[in-house]
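Here the structure comes first, spelled out in structure tokens, and everything after it is commentary.
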Amino acid sequence: MNRFEANVEAFPAESLAAWATDARDRVLALVDDLDDEQVMGPQLVTTNPLIWEIGHVTWFQENFVLRRFAGEAPYRPEVDSLYDSIAIPHEVRWDLPLFSREDTLAYLENVRGRIQDLIRNRKLNGEETYLLLFSIYHEDMHAEAFTYTRQTLGYAPPNFMQRSSVPGKPGTPPNDEVEIRGGRFVLGARADAPYAFDNEHVAHPVVVAPFAIDRDAVSQGDFLRFVDAGGYENRECWSEAGWNWRKSENATQPHYWRREDDRHWSRRWFDAWSPLDPAAAMTNVNWFEANAYCAWARRRLPTEAEWEMAASAEPGNAADGMPPKRAYPWGNDRHDRAPANLDWRNCGGAAADAYPAGESAVGCRQMLGDSWEWTSTDFQPFAGFEPGPYREYSATLFGATKVLRGGCWATRSRLINNTHRNYYGPDRRDVWAGFRTCRTLT
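Here the numbering used here is used: the first residue of the sequence shown is 819, the next is one more, and so on.
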């Protein structure tokens, strides 16, 4: 099995059919309450017109699955000139002669039916399964983007989404740090992984120095102390690039926060304001802000190798002399997703100790789900990198973005695992991203 073939036994046809349907249904549920003006939306650097994005995820699946390996014709001849995100500059997407809403949904339903026919009537090989899975995961990523776009634009939460919370467990210790002895460790997805994205290959040994990492992600209450201490105005907390960003944006507080009086802050949640939740993970902070907090706290961001070791390493050594790795913090069963806040389960975040069964072997909590976590690492290819079937997925962002790990509450559980590498520019505050801090042990 090469790196761009999926393990077909791990992904039976009935699962693929159900996932394809579920991904498409979630996209529809994220826009079905919006009017035509809202699905177009204002032109912003960080968003797409939602009506264009619906057409794009449909085009992507048609192009990469139905046309590439099934040899089918495009739905209409103009779809490539409307929905190919590589060929169409971001800034012109609001001005394209897009399909009407009715025609866009008809396109979506047409491709949905053809995909289901393909799964039902064709025995997919490893390469075909990989492409189909990529198209589903691609749609899942856009569903998460639909969610933070609604937050960016101040729309109401989608109808299916209820903000809920899972209470913490009595007697659970507060956030502290976990000490990890370091050593040799295999970073990245192993060759026998059922599925991995191109940037997760090639798994390779690294040497990690001893370090201590937060048991929990930094909370809103933690970050509030940084704000109240004047962290946004303290030049010593910021890198040169971070300080230049802060000045250019006139950033004096976190995104979506509002000071009500000398003692109280609120946070905008979609279209409504509510008090901060001190126990909830901090989100909507960018890489510069995370580093400024770390400098103030006399800590640092973990490298992606440190993060992955904390999430996946088990005690002891395997035959190769390296510690065994878990696929998920809680184990290797990819069907067991109950121990994490994923799939819009607890929208907006849960208490740090709400999922005790999801702890990693070393005791870190909620390393998958709740909020993406910034690392200190530049997004670069691992040695031996080869671009996958969607060649632009990773390669065009190398060197320009930072690595995030772990997923958030709007990430699909079928997509995320301990080796998944996400990436955003260091100035992005619109995504559901937070961080945990770290220090080197001497």
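Yeah, the Cβ is synthetic: ideal placement off N, Cα and C, and Gly gets one too. Quick caveat, the model's predicted, so the values are computed rather than measured.
For residue i, report the span of its beta strand (DSSP E) as first-last.
i, result
"residue 1242", "1240–1242"
"residue 1083", "1083–1087"
"residue 1246", "Premise fails: residue 1246 is in no beta strand (DSSP E) and is neither H nor E."
"residue 1002", "1001–1005"
"residue 967", "Careful: residue 967 lies outside any beta strand (DSSP E), inside the alpha helix (DSSP H) at 944–970."
"residue 844", "Residue 844 -> not in any beta strand (DSSP E); alpha helix (DSSP H) instead, spanning 831–847."
"residue 1196", "1190–1196"
"residue 826", "Residue 826 -> no beta strand (DSSP E), and no H or E assigned at all."
"residue 864", "Segment: none, residue 864 is in no beta strand (DSSP E) and carries neither H nor E."
"residue 1221", "1220–1223"
"residue 1258", "1256–1258"
"residue 995", "995–998"
Rounded C-beta distance between residue i and residue j? I'm assuming under 8 Å.
i, j, result
"residue 868", "residue 883", "That belief does not hold up - the Cβ atoms of residue 868 and residue 883 are roughly 23 Å apart, past 8 Å."
"residue 1026", "residue 1145", "Contact flag wrong, Cβ pair sits at about 19 Å."
"residue 1189", "residue 1226", "5 Å"
"residue 1093", "residue 1256", "Their Cβ separation, rounded to whole angstroms, is 29 Å, which puts residue 1093 and residue 1256 out of contact at 8 Å."
"residue 955", "residue 822", "At roughly 13 Å, the Cβ-Cβ gap does not stay under 8 Å, so residue 955 and residue 822 are not in contact."
"residue 1128", "residue 1234", "Contact flag wrong, Cβ pair sits at about 16 Å."
"residue 851", "residue 993", "The pair is not a contact, with the Cβ atoms about 37 Å apart (cut-off 8 Å)."
"residue 881", "residue 911", "Not a contact, Cβ separation roughly 17 Å."
"residue 1104", "residue 1247", "5 Å"
"residue 845", "residue 964", "7 Å"
"residue 900", "residue 914", "6 Å"
"residue 1130", "residue 1236", "4 Å"
"residue 1000", "residue 922", "Not quite, the Cβ-Cβ distance comes to about 51 Å (not below 8 Å), so this is no contact."
"residue 1171", "residue 1183", "6 Å"
"residue 940", "residue 854", "The pair is not a contact, with the Cβ atoms about 37 Å apart (cut-off 8 Å)."
"residue 1091", "residue 1076", "7 Å"
Measuring CB to CB, does residue i end up less than 8 Å from residue j?
i, j, result
"residue 1194", "residue 1097", "no"
"residue 1053", "residue 996", "no"
"residue 1041", "residue 968", "no"
"residue 1035", "residue 1176", "no"
"residue 1229", "residue 1167", "no"
"residue 1003", "residue 1258", "no"
"residue 1191", "residue 1125", "yes"
"residue 1102", "residue 1082", "no"
"residue 1114", "residue 1055", "yes"
"residue 1051", "residue 1238", "no"
"residue 876", "residue 925", "yes"
"residue 1111", "residue 1044", "yes"
"residue 824", "residue 944", "yes"
"residue 1210", "residue 906", "no"
"residue 1199", "residue 1106", "no"
"residue 980", "residue 838", "no"
"residue 768", "residue 870", "Within the shown structure, residues of the chain are numbered from 819 to 1260, placing residue 768 beyond reach of any answer."
"residue 1005", "residue 834", "no"
"residue 1031", "residue 885", "no"
"residue 1023", "residue 1140", "yes"
What are the boundary residues of the alpha helix (DSSP H) that includes residue i?
i, result
"residue 932", "919–939"
"residue 876", "868–879"
"residue 900", "897–901"
"residue 857", "854–858"
Of all the CB atoms in chain B, is at least one closer than 8 Å to the CB of residue i?
i, result
"residue 898", "Absence of chain B from the displayed structure is noted, only one protein chain being present."
For this session: State whether the stretch 1223–1239 contacts the stretch 1154–1168, with contact taken as three or more CB pairs (one from each stretch) at a distance under 8 Å.
Result: yes
Problem set entry | Every unbroken alpha helix (DSSP H) within the stretch 1094–1176, with a cutoff of 4 residues, ordered by chain | 1105–1114 and 1122–1130
Problem set entry | Uninterrupted beta strand (DSSP E) stretches inside the stretch 1010–1083 (no shorter than 3 residues) | Considered as a whole, the stretch 1010–1083 harbours 1022–1026, 1029–1032 and 1075–1077 as its complete beta strand (DSSP E) runs of no fewer than 3 residues, in chain order.
Exercise. Is it true that the stretch 821–831 meets the stretch 1012–1025, where meeting means three or more beta-carbon pairs spaced less than 8 Å apart?
Worked result: yes
Problem set entry | Segment contact, 8 Å Cβ cut-off, at least three pairs: the stretch 916–936 with the stretch 1196–1206 | Inter-segment contact for the stretch 916–936 and the stretch 1196–1206 is absent: fewer than three beta-carbon pairs are separated by less than 8 Å.
For this session: Report yes or no: do the stretch 953–960 and the stretch 1213–1220 share at least 3 C-beta pairs separated by less than 8 Å?
Result: With the cut-off at 8 Å, the stretch 953–960 and the stretch 1213–1220 do not touch.
Exercise. So does the stretch 853–861 actually touch the stretch 875–892, counting three or more Cβ pairs closer than 8 Å?
Worked result: no
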